[in-house]
Structures are given as C-alpha cells and as structure tokens.
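Enquirer: Pasting a structure below so you can have a look.
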Amino acid sequence: MKIEGGTDSIERKPAHACGHNLISSASIAAFIACWEALKQSGSPGCVRLLGTPAEERGGGKLSLLKAGAYIDVDACVMAHPGPLVSDDSLKSCAITSSLASKRIVAGFSGVAAHAGLAPWEGRNALDALVNSYVSIATLRQQLLPSQRINGIITNGGKATNIIPDQARAEFSVRAENRKDLEDLCQKMIHCFEAGAMATGCSVQVDNNRAAYWNLVSNDVLCKEYTRQMNKFDSKTVYSYPGVSDMPGAATDQGNVSYFLPAMEAAFFIESNGAVNHTPKFADAAGTEDAFNRALEVGKGLAGLAFEVLTNQPFRQEVKKSFEQVILTKAEDQMRINSFNSSITRASIESLLLSSMPTLIPLYKEEKISSEQAMGALMATDTNFRSI
C-alpha cells in the first residue's frame, strides 16, 4: 500500500500556491495512522510513504515509475487541495479527473542585423515566433472544450536595436487523452513551421518531453474513501460537478493510475475565492484551518489504506476493477498502433524490450501482471498513445 506526498512548488513565487504542502501533511498523517493501526491490530501488511517531487514541471512520478518504485504495490492514494465549492460544508470529493498534458518548446533562429542601419539584412526570429503565436491563438477557436493551449515567450531578443536572431517559446498543451494531445501538438508544430517559413527563419521543436496521462480513478477505492471520510463525520461525496468532470488540471498521478489502482481525491479549504496557483491561495494553504483539513483527509486515507491491507476480498475487488479498465485501454491501444495480434505474453515482452527492458525480469517472474505491464507501457512510453 502506497501513500504519496507531493513536496514541490513552482520555483518562482507564489511558492506553495497549489497546496502541495497540504498534500504532504495529509499523506504523512495517513501513513502514521495506518502504520499505527497495523501495529495495534497485529495485521500483516506494508504501508509506504513515497515522496514525489517535481509534479509541477518535472514528472517526478514518471521517473519513480521507471525506477520500479511502484512494484509490489496493491494501491496508491493521495489527495489534493482546492478552493471551497458552492456547497461550503463539503470537505472532500473522491472522484477527480485530469487532462493529459505535455510541454512543447519551439526555438526560432534568424539572422541578427542592426535594426536602424540595415534591418533588411536580418531575419527576425521574434517575428517568426509572434506569427506562430498568433496562429496558435487563432487555432484556439477550433479547440474542444477539454483542450487547452497556454504559452509564454522565454526569449524575445536582447536589445531593441538588434534584429533578434534567436527566440524561444514554451507551451503547455492539454487534452482529454493522449491521442488528442498528440494530434493537438502536431497542429501546433504546423503553426511553428509556418511562422518560420513566412519570415525566412528556421525552427526547432522539442515535442519529445514526457507527457502526463489522464487520471483513471479507481472506482472501488473512491467509493471506500467516501465511506471512510463520512464515517469520521467529514462530509464527502463520491463525485461533484466541476471537480469530477474534467476541470482542466493535469497531474503525473495519471501515469501512476495506468500502472496500478490509484486515486487522487480533492479536498477543499477556505481561500476567500482564490484558486490554485495564485498568491492568495498560497496564503490560504498556509493557515491552521487548511492544515487541520489536511489532517481530516489523512484520517480518511488511512482508513482506506487499512481496508486495502486487511480486507482481502476488498483488495481483490480493487484489483479486478483496475484490470478491467486498463486491459480494455491496452487492447484498444494495440489496435491504434496496428498490432493485429491479440495480447499475448510474447507481444507484451516485445513491447517491454523496446521501451522498458528493466521490467522484463519482473514480468517473466510474474511479479507484475500483464495488465500492469501494459499500463506501464502506456504510462511511460511517449509513442504508446492512449485512446
């Protein structure tokens, strides 16, 4: 049983404006409570607290996945804070969803020239970037409601009297699933290429960064979390509008949810209307009330973890639900990638050999299931797209 604590914040201000300090507080509380319950009951089982840094930008959980940190784990749970919802008596919601997401970087190269004496001798890399940016802004008109494109210019030149020969932009791209995400990234690449061609510049696009997958919340875990929270008189619902139905956020817990049964509940703190990633929410996340709410959530997570560890029929139900969902996604994924044969151990080993060879011994020794192997491939291989 694994409980995750997020420890990172954005490097620049406003620091812990997404409340990852509260994720850690809830997770540490859950770990200690579950560990003590196991000791007092004499029940067998192992509960681990896993620190998972770099969720905001670095994909820390992806690195941990590849390193084998989630091997021999029956379930992985965590909870994330957000502002109060319209029902301000509601403390938590079990089911959350997230978009698939990745970063894409475009670097434009032109020719420097004196902007006053001989601008015609230059090729303006910033103009190429701006043209591309405008094209992407125009593309937004045709985006699906579940898709997002947000970008910043990280290098626009060094001085106003020099035609910029270098320019760089970074974009965050989000979509409902990985297939839509990759399709959207391809449209953006066309915008970059068009901007460069129109200005006589060149462009290099980095589209190979690790992607976050959409979260697959384990239904059985979420229902039990709801029961546990309400048992402790912490008003919690299984789902809630605007929280459970594609709010627009993205997390590397989505990748974990393709490898083993997982969930990321939401809990709500008083922030005077401020939303995550704002200075006011950072202030709210540092209050005693927010800390106490995190401790309440920790009790619910501990109760859920204890149930996973001590109730074998429940544990099997969690596993069965996960395998049904992931195997269906894996079968559909293989069809998308033109694998005509049905899923066999040989075909899975072939995919692991090309993408995650370190898992082959574990798979051969049956320390990970076929469903976990397929989930790992989907979670970590950038060329293995989700449906």
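The working numbering numbers the first residue of the sequence shown as 34 and each following residue consecutively.
All C-beta atoms, glycine included, are put in the ideal place defined by N, C-alpha and C.
Grab me the residues of ASP160's own chain with a C-beta within less than 7 Å of its C-beta, minus the 5 sequence neighbours each way, in chain order.
Expert: By one-based count along the sequence shown, residue 160 stands at place 127. Excluding sequence neighbours, ASP160 sits near THR232.
Enquirer: What's the gap between the Cα of LYS268 and the Cα of GLY336?
Expert: The residue you call residue 268 lines up with position 235 of the sequence shown. The residue you call residue 336 lines up with position 303 of the sequence shown. In a straight line, the C-alpha of LYS268 is about 15 Å away from that of GLY336.
Enquirer: Could you give the distance in angstroms between the alpha-carbon of ALA409 and the alpha-carbon of GLY101?
Expert: On the sequence shown, residue 409 is found 376 positions in, with the first residue counted as 1. On the sequence shown, residue 101 is found 68 positions in, with the first residue counted as 1. If you take the alpha carbons of ALA409 and GLY101, they lie about 10 Å apart.
Enquirer: Going by alpha carbons, who is nearest to LYS191 out of MET407, TYR258, ALA145 and HIS223?
Expert: Residue numbering aside, residue 191 sits at position 158 when the sequence shown is read from its first letter. Selected option, being the one with the closest Cα: ALA145.
Enquirer: For PRO116 versus PHE324, is the C-beta distance shorter than 9 Å?
Expert: Locating residue 116 in the sequence shown gives position 83, counting from the first residue. Locating residue 324 in the sequence shown gives position 291, counting from the first residue. Cβ atoms of PRO116 and PHE324: not closer than 9 Å.
Enquirer: According to DSSP, simplified to helix, strand and coil, what is CYS109?
Expert: The residue given as residue 109 occupies position 76 in the sequence shown. Three-state DSSP puts CYS109 in a strand.
Enquirer: Using C-beta distances below 7 Å, list every residue in its chain close to THR320, excluding the 5 sequence neighbours before and after it, in chain order.
Expert: Here residue 320 corresponds to residue number 287 of the sequence shown, with the count starting at 1. For THR320, where only same-chain residues beyond five positions count, there are no Cβ hits under 7 Å.
Enquirer: Specify, as a first and last residue, the run of the beta strand (DSSP E) that ASN188 falls within.
Expert: By 1-based counting over the sequence shown, the position of residue 188 is 155. Note, ASN188: beta strand (DSSP E), 181-188.
Enquirer: For THR193, report the span of its beta strand (DSSP E) as first-last.
Expert: Position 160 of the sequence shown, counted from the start, is the residue given in the question as residue 193. No beta strand (DSSP E) contains THR193, which DSSP labels as neither H nor E.
Enquirer: Can you give me the C-alpha to C-alpha distance between SER125 and VAL118, rounded to a whole angstrom?
Expert: Looking up residue 125 in the sequence shown gives position 92. Looking up residue 118 in the sequence shown gives position 85. Rounded to whole angstroms, SER125 to VAL118 spans 10 Å at the Cα level.
Enquirer: Given a cut-off of 9 Å on the beta-carbon distance, is the pair GLY143 and ALA200 in contact?
Expert: The residue labelled residue 143 in the question sits at position 110 within the sequence shown. The residue labelled residue 200 in the question sits at position 167 within the sequence shown. The answer is yes: Cβ separation under 9 Å.
Enquirer: Determine the direct distance from the alpha carbon of TYR103 to that of SER57, and round the result to whole angstroms.
Expert: For the purposes of this step, residue 57 is taken as residue 24 along the sequence shown, with counting starting at 1. For the purposes of this step, residue 103 is taken as residue 70 along the sequence shown, with counting starting at 1. If I take the Cα positions, the gap works out to 18 Å.
Enquirer: Tell me the rounded alpha-carbon separation between TYR245 and LYS94.
Expert: For the purposes of this step, residue 245 is taken as residue 212 along the sequence shown, with counting starting at 1. For the purposes of this step, residue 94 is taken as residue 61 along the sequence shown, with counting starting at 1. Taking the straight line from one Cα to the other gives about 10 Å.
Enquirer: Should LYS353 go down as buried or exposed, given a rule of 16 or more other Cβ atoms within 10 Å for buried?
Expert: By 1-based counting over the sequence shown, the position of residue 353 is 320. Exposed, by the Cβ-count rule.
Enquirer: Kindly list the residues whose CB is nearer than 8 Å to the CB of ALA148, restricted to its own chain and excluding five residues on each side of it in sequence; keep chain order.
Expert: Numbered from its first residue, the sequence shown carries residue 148 at position 115. So the qualifying residues of the chain are GLY155, THR193, ASN194, ILE195 and ILE196.
Enquirer: Suppose contacts are defined by Cβ-Cβ distances below 9 Å. Is HIS113 in contact with ALA299 by that definition?
Expert: Residue numbering aside, residue 113 sits at position 80 when the sequence shown is read from its first letter. Residue numbering aside, residue 299 sits at position 266 when the sequence shown is read from its first letter. In this structure, ALA299 lies closer than 9 Å to HIS113 by Cβ.
Enquirer: If you draw a straight line from the alpha carbon of TRP68 to that of SER74, how long is it in whole angstroms?
Expert: In the sequence shown, the residue the question calls residue 68 occupies position 35. In the sequence shown, the residue the question calls residue 74 occupies position 41. TRP68 and SER74: Cα-Cα distance of roughly 10 Å.
Enquirer: State whether the segment 157-173 contacts the segment 245-258, with contact taken as three or more CB pairs (one from each stretch) at a distance under 8 Å.
Expert: No, because fewer than three Cβ pairs between the segment 157-173 and the segment 245-258 fall closer than 8 Å, the two stretches do not touch.
Enquirer: What are the partner residues of ASP239, as DSSP defines its beta bridges?
Expert: The count along the sequence shown starts at 1 and reaches residue 239 at position 206. ASP239 is bridged to VAL138.
Enquirer: Which residue spans inside the segment 213-282 form an unbroken alpha helix (DSSP H) run of at least 4?
Expert: Correct list: 252-264.
Enquirer: From the DSSP secondary-structure annotation, give me the bridge partner or partners of MET296.
Expert: Taking the sequence shown and counting its residues from 1, the one referred to as residue 296 is at position 263. Paired residues: VAL110.
Enquirer: Residues in its own chain within less than 7 Å of ASP278 by CB, not counting five upstream and five downstream?
Expert: As a position in the sequence shown, residue 278 is number 245, starting the count at 1. So the list reads SER130, once near-sequence residues are dropped.
Enquirer: Can GLU257 and PHE347 be called in contact, C-beta distance under 9 Å?
Expert: On the sequence shown, residue 257 is found 224 positions in, with the first residue counted as 1. On the sequence shown, residue 347 is found 314 positions in, with the first residue counted as 1. Cβ atoms of GLU257 and PHE347: closer than 9 Å.
Enquirer: List in chain order: all unbroken beta strand (DSSP E) runs of 3+ residues lying wholly within the segment 148-173.
Expert: None, since the segment 148-173 contains no complete beta strand (DSSP E) of that length.
Enquirer: Could you have a look at CYS126 and say whether DSSP puts it in helix, strand or coil?
Expert: Numbered from 1 along the sequence shown, position 93 holds the residue referred to as residue 126. CYS126: strand per DSSP, three-state reduction.
Enquirer: Which of the three DSSP states is assigned to LEU334 in this structure?
Expert: On the sequence shown, position 301 is the one that residue 334 refers to. In this structure, LEU334 counts as helix in the three-state DSSP scheme.
Enquirer: With a Cβ-Cβ cutoff of 9 Å, do ALA133 and GLU209 count as a contact?
Expert: Sequence index remark: in the sequence shown, residue 133 carries index 100 (1-based). Sequence index remark: in the sequence shown, residue 209 carries index 176 (1-based). Contact: yes.
Enquirer: Considering Cα atoms alone, identify which of GLY331, MET230 and PHE292 is closest to GLN405.
Expert: Walking along the sequence shown from the start, residue 405 turns up at place 372. Residue PHE292 is the option with its Cα nearest to GLN405.
Enquirer: Using C-beta distances below 8 Å, list every residue in its chain close to ASN288, excluding the 5 sequence neighbours before and after it, in chain order.
Expert: Along the sequence shown, read from residue 1 onward, the residue named residue 288 stands at position 255. Result list for ASN288: GLY92, LYS94, LEU95, LEU98, TYR245, TRP246, ALA412 and THR413, in chain order.
Enquirer: Going by the DSSP bridge assignment, what does GLY115 pair with across the sheet?
Expert: Working through the sequence shown from its first residue, we reach residue 115 at position 82. For GLY115, which the question treats as bridged, DSSP gives the partners PHE301.
Enquirer: For the putative contact between TYR271 and THR284, defined by C-beta atoms under 8 Å, what is the C-beta separation to the nearest angstrom?
Expert: For the purposes of this step, residue 271 is identified with residue 238 of the sequence shown, where counting begins at 1. For the purposes of this step, residue 284 is identified with residue 251 of the sequence shown, where counting begins at 1. Contact flag wrong, Cβ pair sits at about 19 Å.
Enquirer: Straight-line CA distance for GLY189 to PRO274?
Expert: For this step, residue 189 is matched to residue 156 along the sequence shown. For this step, residue 274 is matched to residue 241 along the sequence shown. Each residue's Cα considered, the two are about 41 Å apart.
Enquirer: At which residues does the beta strand (DSSP E) containing GLU399 begin and terminate?
Expert: Here residue 399 corresponds to residue number 366 of the sequence shown, with the count starting at 1. Careful: GLU399 lies outside any beta strand (DSSP E) and carries neither H nor E.
Enquirer: For ILE36, write down the residues that DSSP places opposite it in a beta bridge.
Expert: For the purposes of this step, residue 36 is taken as residue 3 along the sequence shown, with counting starting at 1. LEU82 and VAL110.
Enquirer: Using a Cβ-Cβ cutoff of less than 7 Å, which residues in the same chain neighbour LYS400 once the five nearest sequence positions on both sides are dropped?
Expert: By one-based count along the sequence shown, residue 400 stands at place 367. Taken in chain order, the residues that qualify are ILE104 and ASP105.
Enquirer: According to DSSP, is GLU404 part of a helix, a strand, or is it coil?
Expert: Translated into positions along the sequence shown, residue 404 becomes position 371. Correct three-state label for GLU404: helix.
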